[in-house]
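Working notes for the structure below.
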Amino acid sequence: MTAYLTKRLLIALVTLAVASVVVFSMIEIVPGDPARLMLGMNATADAVQALRDQMGLDQPLLVRYVDWVSRLLTFDLGKSYTYNVPVRDLVLERSVVSLPLAMIALALSTLIAIPVGIFSAERRGRLADTISMGAAQIGVAVPNFWFALLLIYVFAVWLHMVPAGGFPGWSAGVWPALKSLILPAIALALPQAAILSRVTRSAMLEVLGEDYIRTARAKGMPRNVVLWHHALRNALIPVLTILGLQFAFLLAGAIIIENVFYLPGLGRLIFQAITQRDLIVVESVVMLLVAVVVLVNLLVDISYAIVDPRLRTRR
Amino acid sequence: MKSWKTILAAAAIALATSTAAMAARTDLVLGVVLEPPHLDPTAGAAAAIREVVYANVFEGLTRIGPKGEVLPDLAESWTVSDDGKVYTFKLHSGVKFHDGSDFSAEDVKFSLDRARAPDSTNAQKGLFEAIDTVEVIDPTTVKVTLKNPQGAFLYNMGWGDAVIVSPKSADTNKEKPIGTGPFKFDSWARGSSIKLVKADNYWGEPVYLDKVEFRIIPDASAAVPAILSGDVQAFPNMPVGDSLSQLQSDPRLKVVIGSTEGETILAMNNKKPPFDNLKVRQAISHALDRQAIIDGASNGLGTPIGSHFAPHNPAYIDLTGTYPHDVEKAKELLKEAGLENGFKTTLKLPPPPYARDGGQIIASELREIGIDAEIIPLEWADWLKQVFTDKDYDMTIVSHTEPNDIDIYSRKDYYFNYQNPDFNKVIDKLNLTSDEGKRKELYGEAQKILAKDVPVGFLFELPKIGVWDAKLEGLWDNAPILANDLTKVKWAD
């Protein structure tokens, strides 16, 4: 177990180090002078230089990289030079939207997908299986932003049940805030649920064909116990892998949905920072998201070991 | 007895609700596309800053009105010396900043000196270049002496970059703007919305609205449902995507197509052959079919222009007929220039759709007269560096959105590489003239010179699509400056 964990941890750290170099250099390679871009076409050379000095852009590359990494390690993400506030504050402000959104979407997707997947696997080839897998196929194919627009027109423009977008903030109360997250969460969750249910189904099918399941059934074990205890546990590894990937996607990759619902989440923060060339925000937030993805993957690796005891002993 | 009570109660409720309904609404949610990076117009070029604070939170000595005219603001009146170098402003008294401190001539001196200081990060430092000294005569009189006469000085003082700030709050205006305007800053949920509320004890004419929220909606697919559902009641500069006709057919909404200060031009490098030849530039102008370009690059909206001037401006003259679309004439002119077989050139395009889409159309129009323009798409940063700063280009398409900026053609080292002594003389005269009537004449002259000399191909004025609740009054139809002036906005009863 310890060897397994140490190895995973090392891989995670190396990934982070490599990612930091890539993220930093990618932004350095991008052409153009951020100071000029921020001040616009009519700005004088003086004004541009004043801003360059303020931002420390004239310092050598390596100095800036070392400085950046050492600050990241203390969770000092720098100061956004367009917003002029600490990036950490921005990230925290945005996380209170993105985290709940990702978690609601993930919960919805899991709650829908796993029962549907198991149900379909058990009734393989029957009508119920065909219908649910057909629906899943549509869910995979339909782009989530289109589905989001459909939801907006029905539930906001037509029925006036929820706002068409925006986020009032948690200070406006839990219910109004949750209300504005419902549609985006559904729009995010359904395509994910479609994928997850298909994965669950095929993993279950594989396991259900194994000898030990037949044995379990033959000795008269109740159907549900076989299904939920013996089969599901062994089918969980691919499901967990997909779940881990999905959580990372939901947290960082919800840019399109955040745009459609104009939610002030992390995805929009990066998108905005890129359009405004706020390099500090881009670097820090991208790096932070890389760290989150690496962490989630590490947790998934650990959960493999919990689910599958053989991994704990294997070298 | 019981039924009487019920009727009375019902009547009372009916009365209460009807009086509530009769009092006009005083709140407004207004959609904006871009979130401002911060809220200090004296420290950043972003138009999004002005779209929130101009005229609402901050005020200057003068201000720009809905037609692009200069109006008095914090200065109630002024006198100009005969040599055009000394401006004496008489300020309103009893003006307070939102933090309660008094506004006086000292604040004017502070603001102007700060904007033109060497370490100033004001994005329009050029506006203040002509200022020599700023003197406080008494608390409500300030005297500005210029190094040389500048006819546009009063206009310049109306820009968002020239608003008056207090020394106490100048450094924190980015996050918590403190001005003298009719609305004061309330809160800013980053990425989401900015709220203003009516300022108590405003010195000027009281405003109608109590609460205004600027909601940031970057995307057409989100903006349309937001306005259709009533979540947002006004979108003065709206991204409509393909939904314009859907919005126009909705009786609850008013759709206003106005003009902006964005002159969209096909810029040419006037020093680089063959663009240094007037005949070649004339040929290119004849080759351009403005309506086709507007249809393809701007959804058919936008006003054709024949010179560098905004159609809503009182000094505008229509010069679109100077070199009408005429392919034969264009070919003839190229022949006269000794280029009857045409030539190869490049067309560098920045990211906005008007440039990328317009570029395709213009390239095919130029091909008709034998000019083979290779399209090179550039990101903004690259464009600013290659075209704007290094002048390493043949042709480009860009919209010049700064207001009243015809003088850019007289600037030395500007990226057009254009030099015309006659034009510069007119601009010099404009600088010496502050009389509105004479300025109008001179602006006319300047427009005509450019229309004939075509240092660039004049295409069209960028449109502004405003959509708002049909019951809302007082929003600007056109955008002579980028601002959402809410001082006259009210809900009809």
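If you read the protein sequences in the order shown, they are chains A and B. Just so you know, we're using the numbering used here here: the first sequence kicks off at 2 and counts up by one. Just so you know, we're using the numbering used here here: the second sequence kicks off at 369 and counts up by one. Note that beta-carbon positions come from the ideal geometry of N, C-alpha and C, so glycine has one too.
Express the C-alpha separation of E94 of chain A and A557 of chain B in angstroms, rounding to a whole number. 9 Å
Using a Cβ-Cβ cut-off of less than 7 Å, give me the residues of the stretch 573-602 of chain B that come near chain A, in sequence order. R583, I584, I585, P586, D587, S589, A590, P593, A594, L596, S597 and D599
Straight-line Cα distance separating K542 of chain B from I795 of chain B: 35 Å
Integer-rounded CB distance, given that P550 of chain B should sit under 8 Å from N424 of chain B: 7 Å
Chain A contact for K542 of chain B (CB, 8 Å cutoff): yes
What residues in the stretch 486-518 of chain B have a beta carbon less than 9 Å from any beta carbon of chain A? P486, D487, S488, T489, N490, A491, Q492, K493, G494 and E497
Using a Cβ-Cβ cut-off of less than 9 Å, give me the residues of the stretch 555-570 of chain B that come near chain A, in sequence order. A557, R558, G559, S560 and S561
Closer than 8 Å, Cβ to Cβ, to anything on chain A: give me those residues from the stretch 398-413 of chain B, in chain order. E403, P405, H406, G412 and A413
In terms of alpha-carbon separation, which member of A:M288, A:F262 and A:I256 lies closest to Q273 of chain A? A:I256
Could you name the residues of the same chain whose beta carbon sits closer than 7 Å to that of V97 of chain A, not counting the 5 residues immediately before and after it, in chain order? W171
To test your reading of the DSSP string, which unbroken alpha helix (DSSP H) runs of 4 or more residues are found completely within the stretch 463-506 of chain B? 473-484
Select from A:P310, A:N145, A:G167 and A:P87 the residue whose C-alpha is nearest the C-alpha of P593 of chain B. A:G167
If you compare alpha carbons, which of B:S613, B:V420, B:L634 and B:E581 is closest to I833 of chain B? B:S613
Among A:A186, A:N235, A:R72 and A:G135, whose alpha-carbon lies nearest the alpha-carbon of L107 of chain A? A:A186
Sequence-distant residues of its chain with Cβ nearer than 6 Å to F756 of chain B (five each side left out): Y783
If you follow the alpha helix (DSSP H) that E211 of chain A is in, where does it begin and where does it stop? Note, E211 of chain A: premise wrong, no alpha helix (DSSP H); not H, not E.
Classify L289 of chain A as buried or exposed, calling it buried when 16 or more other Cβ atoms lie within 10 Å of its own Cβ. buried
Entirely within the stretch 164-188 of chain A and at least 3 residues each: give me those beta strand (DSSP E) ranges in chain order. none
What are the residues in the stretch 145-159 of chain A lying within 9 Å of chain B by C-beta distance? F146, A149, L150, I153, Y154, A157, V158 and W159
Does any residue of chain A bring its CB to less than 8 Å from the CB of A749 of chain B? yes
Could you check where the alpha helix (DSSP H) with L133 of chain A kicks off and where it finishes? Sequence check: residue 133 of chain A is Ser here, not Leu. It spans L128 to A142 - the alpha helix (DSSP H) in which S133 of chain A sits, taken as one unbroken run.
DSSP state of I673 of chain B, grouped into three classes? coil
Spatially closest choice to T394 of chain B from B:L564, B:F426 and B:L798, by CA coordinates: B:L564
Mind checking A389 of chain B: buried by the 16 CB within 10 Å criterion, or exposed? Only weak support exists for where A389 of chain B lies, its pLDDT of 48 falling under 50; the value from the coordinates is given anyway. Exposed, since its Cβ has fewer than 16 Cβ neighbours within 10 Å.
Mind reading off the beta-carbon distance from D475 of chain B to S534 of chain B? Whole number of angstroms is fine, and I expect it under 8 Å. 6 Å
With a threshold of 8 Å between beta-carbons, can L752 of chain B be considered close to chain A, or not? yes
Spell out the partners DSSP gives D837 of chain B in its beta bridges. B:L621
Have a look at B:A860, B:E736 and B:L854 and flag the residue whose alpha-carbon is nearest the alpha-carbon of K579 of chain B. B:L854
Reduced DSSP category for S767 of chain B - H, G, I as helix; E, B as strand; rest coil: strand
Cβ of A819 of chain B within 8 Å of any chain D Cβ: Looking for chain D here will not work: the only protein chains present are A and B.
Evaluate L480 of chain B with the Cβ neighbour count: other Cβ atoms within 10 Å of its Cβ, from every protein chain shown; 16 or more gives buried, anything less gives exposed. buried
Helix, strand or coil for P61 of chain A, going by three-state DSSP, please let me know. coil
Between T45 of chain A and chain B, is the shortest Cβ-Cβ distance under 8 Å, so that the two count as touching? yes
Tell me the residue span of the alpha helix (DSSP H) that contains L152 of chain A. N145 to I153
By a C-beta neighbour count over all protein chains shown, 10 Å radius and 16 as the cutoff for buried, is N709 of chain B buried or exposed? exposed
Determine the DSSP secondary structure at S96 of chain A, reduced to helix, strand or coil. helix
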